[in-house]
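J.: Please read through the structure below; I'll follow up with questions.
Residue numbers (the working numbering): -3 to 318.
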């Protein structure tokens, strides 16, 4: 029979930094005696299910790491759902913590398959940041959705705005690979049109947001050219539409984040799932254009997006004049 207790404690010892630290935590969290804690670790006494779950939760260890599941099964963990502004604040806090862990590890690869422009870029710009948070809440918060609050009347709590900015700053320090396509910008532009047609945002502010989108794209293009953002690799792939999945490779571990609802994600550390995804990702990258090394492809790619933004601006101005 598989010794799951042994596997669990091997992981916990690694996460805790040693036996003494782990024993101290077990005494504190599980109300065990010093001797009992050592007996659990050595396997001389059995750990209970509640104890195992409590310790795994404390260290953020996924239980799918301690067993070999059936070939067609894998354990998925869920990041908390987002239904309101408080949940969004928790999401920012969690994302900041996780990215700070990633940026401090030089052996980490962060790969973002972008169906939509990564949210980190929006947070640098006042109107764009406000608009994206407004749009998210309209899509995720049933109460906010039912209220006819315009973009102009909407106010972001200052603490959330500051956390959004910090999230962008932390991501800027992370080495990352991003895969975009010609449709990556579509959702953002369609949201502007949608809320403008509903008269929930006026033409003046919609045009300001478009100006900031152009500024955002210019910054990203400059970062790709000059590598101001540490090790940013931007790929273009128009053969497949990405799904906003995030794949993280550590020196000894892999993690896959799969979206299921706007900003909500499942994640897994399952070796087979991550390994299969990694193989698919490598094929996608082989069939993608690295824009930092191809001036012509980069110019054409960004120029198409600039033209799309200009097209939306003309549409808004025409609507305003009619």
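Using N, Cα and C, we set each Cβ at its ideal position, and we do this for glycine too.
Under the assumption that residue 177 contacts residue 237 (Cβ atoms under 8 Å), give the Cβ distance between them as a whole number of angstroms.
T.: Along the chain shown, one-based indexing puts residue 177 at 181. Along the chain shown, one-based indexing puts residue 237 at 241. Their Cβ separation, rounded to whole angstroms, is 6 Å, which keeps residue 177 and residue 237 in contact under 8 Å.
J.: Could you give the first and the last residue of the continuous alpha helix (DSSP H) run that contains residue 214?
T.: By one-based count along the chain shown, residue 214 stands at place 218. Where residue 214 is concerned, the enclosing alpha helix (DSSP H) stretches over 199 to 222.
J.: Can you give me the start and stop residues for the alpha helix (DSSP H) that residue 53 sits inside?
T.: For this step, residue 53 is matched to residue 57 along the chain shown. Its alpha helix (DSSP H) spans residues 45 to 55.
J.: Determine whether the beta carbon atoms of residue 246 and residue 89 lie at a separation below 9 Å.
T.: The sequence position of residue 246 within the chain shown is 250, counting from 1. The sequence position of residue 89 within the chain shown is 93, counting from 1. No, the Cβ-Cβ distance between residue 246 and residue 89 is not below 9 Å.
J.: Short check: CB of residue 240 to CB of residue 111, under 9 Å?
T.: Along the chain shown, one-based indexing puts residue 240 at 244. Along the chain shown, one-based indexing puts residue 111 at 115. Going by C-beta atoms, residue 240 is nearer than 9 Å to residue 111.
J.: On the DSSP letters alone, give me the boundaries of the alpha helix (DSSP H) that residue 96 sits inside.
T.: Numbered from its first residue, the chain shown carries residue 96 at position 100. Note, residue 96: alpha helix (DSSP H), 81 to 99.
J.: Secondary structure at residue 111, three-state DSSP: helix, strand or coil?
T.: For this step, residue 111 is matched to residue 115 along the chain shown. The answer is coil: DSSP assigns residue 111 none of H, G, I, E or B.
J.: Identify every residue that forms a DSSP beta bridge with residue 175.
T.: Working through the chain shown from its first residue, we reach residue 175 at position 179. Paired residue(s): 109, 231.
J.: Express the C-alpha separation of residue 117 and residue 215 in angstroms, rounding to a whole number.
T.: Taking the first residue of the chain shown as 1, we reach residue 215 at position 219. Taking the first residue of the chain shown as 1, we reach residue 117 at position 121. Taking the straight line from one Cα to the other gives about 9 Å.
J.: Would you kindly work out how many angstroms separate the C-alpha atoms of residue 256 and residue 31, rounded to a whole number?
T.: Start at 1 with the first residue of the chain shown, and residue 256 comes out as number 260. Start at 1 with the first residue of the chain shown, and residue 31 comes out as number 35. When rounded, the distance between both Cα atoms is 45 Å.
J.: Would you call the CB atoms of residue 129 and residue 160 closer than 9 Å?
T.: Here residue 129 corresponds to residue number 133 of the chain shown, with the count starting at 1. Here residue 160 corresponds to residue number 164 of the chain shown, with the count starting at 1. Yes. Within cutoff.
J.: Alpha carbon to alpha carbon, what distance is there between residue 175 and residue 300?
T.: Locating residue 300 in the chain shown gives position 304, counting from the first residue. Locating residue 175 in the chain shown gives position 179, counting from the first residue. The alpha-carbon atoms of residue 300 and residue 175 are separated by roughly 16 Å.
J.: Can you tell which of 136, 206, 230, 269 has the C-alpha that lies nearest to the C-alpha of residue 282?
T.: Counting from 1 along the chain shown, the entry for residue 282 is found at position 286. Out of 136, 206, 230, 269, 230 has the C-alpha closest to the C-alpha of residue 282.
J.: Please return the same chain residues whose Cβ sits closer than 7 Å to the Cβ of residue 119, not counting the five positions on each side in sequence.
T.: For the purposes of this step, residue 119 is taken as residue 123 along the chain shown, with counting starting at 1. Taken in chain order, the residues that qualify are 125, 160, 161, 163, 164.
J.: Compare the C-alpha of residue 151 against each of 122, 5, 50 and name the closest.
T.: Locating residue 151 in the chain shown gives position 155, counting from the first residue. It is 122.
J.: Output the distance between the C-alpha atoms of residue 106 and residue 81, rounded to the nearest integer angstrom.
T.: Counting from 1 along the chain shown, the entry for residue 106 is found at position 110. Counting from 1 along the chain shown, the entry for residue 81 is found at position 85. Computed Cα separation, rounded: 27 Å.
J.: Among all the DSSP beta bridges, which residues are the ones paired with residue 183?
T.: In the chain shown, counting from the first residue as 1, residue 183 sits at position 187. According to DSSP, residue 183 bridges with nothing at all.
J.: Nearest CA to the CA of residue 137: which residue from 33, 189, 84?
T.: Residue mapping note: residue 137 aligns to position 141 of the chain shown, counting from 1. Here the closest residue by C-alpha is 84.
J.: Taking DSSP's pairing of strands, which residues face residue 245 in a bridge?
T.: By 1-based counting over the chain shown, the position of residue 245 is 249. According to DSSP, which records beta bridges pairwise, residue 245 is partnered with 105, 250.
J.: Have a look at residue 52 and residue 8 and give me their C-alpha separation to the nearest angstrom.
T.: Within the chain shown, numbered from 1, the residue matching residue 52 stands at position 56. Within the chain shown, numbered from 1, the residue matching residue 8 stands at position 12. Approximately 8 Å, taken between the alpha carbons.
J.: Between the Cα of residue 46 and the Cα atoms of 302, 269, 22, 39, which residue gives the shortest distance?
T.: For the purposes of this step, residue 46 is taken as residue 50 along the chain shown, with counting starting at 1. Out of 302, 269, 22, 39, 22 has the C-alpha closest to the C-alpha of residue 46.
J.: Between residue 182 and residue 95, is the Cβ-Cβ spacing less than 9 Å?
T.: Residue mapping note: residue 182 aligns to position 186 of the chain shown, counting from 1. Residue mapping note: residue 95 aligns to position 99 of the chain shown, counting from 1. No, these two residues do not count as a Cβ contact at 9 Å.
J.: Which class does residue 73 belong to by DSSP, given the choice of helix, strand or coil?
T.: As a working note, residue 73 is residue 77 in the chain shown. Three-state result, residue 73: strand.
J.: Cα separation between residue 186 and residue 18?
T.: The count along the chain shown starts at 1 and reaches residue 186 at position 190. The count along the chain shown starts at 1 and reaches residue 18 at position 22. Using only the alpha carbons, I get a separation of about 51 Å.
J.: Are the beta-carbon atoms belonging to residue 49 and residue 1 less than 9 Å from one another?
T.: The count along the chain shown starts at 1 and reaches residue 49 at position 53. The count along the chain shown starts at 1 and reaches residue 1 at position 5. No, the pair does not count as a contact, with Cβ atoms beyond the cut-off.
J.: Can you look up residue 146 in the DSSP assignment and give me helix, strand or coil?
T.: Position 150 of the chain shown, counted from the first residue, corresponds to residue 146. If DSSP states are grouped into helix, strand and coil, residue 146 belongs with coil.
J.: So is residue 149 buried or exposed if we call it buried at 16+ other beta carbons inside 10 Å?
T.: Your numbering for residue 149 matches position 153 in the chain shown. Exposed, by the Cβ-count rule.
J.: If you run the structure through DSSP and keep just helix, strand and coil, what is residue 286?
T.: Start at 1 with the first residue of the chain shown, and residue 286 comes out as number 290. It is a strand residue.
J.: Let me check one thing: in DSSP terms, what residues is residue 264 bridge-paired to?
T.: Mapped onto the chain shown, residue 264 falls at position 268. In the DSSP output, where bridge partners are listed per residue, residue 264 has 252.
J.: From what residue to what residue does the alpha helix (DSSP H) around residue 157 run?
T.: Within the chain shown, the letter at position 161 stands for residue 157. First-last of the alpha helix (DSSP H) with residue 157: 154 to 168.
J.: Can you tell me the Cα-Cα spacing of residue 184 and residue 207, whole angstroms?
T.: Residue 184 sits at position 188 when you count from the first residue of the chain shown. Residue 207 sits at position 211 when you count from the first residue of the chain shown. Distance between the alpha carbons of residue 184 and residue 207 is about 13 Å.
J.: Going by C-alpha to C-alpha distance, which of 12, 127, 20 sits closest to residue 55?
T.: For this step, residue 55 is matched to residue 59 along the chain shown. Here the closest residue by C-alpha is 12.
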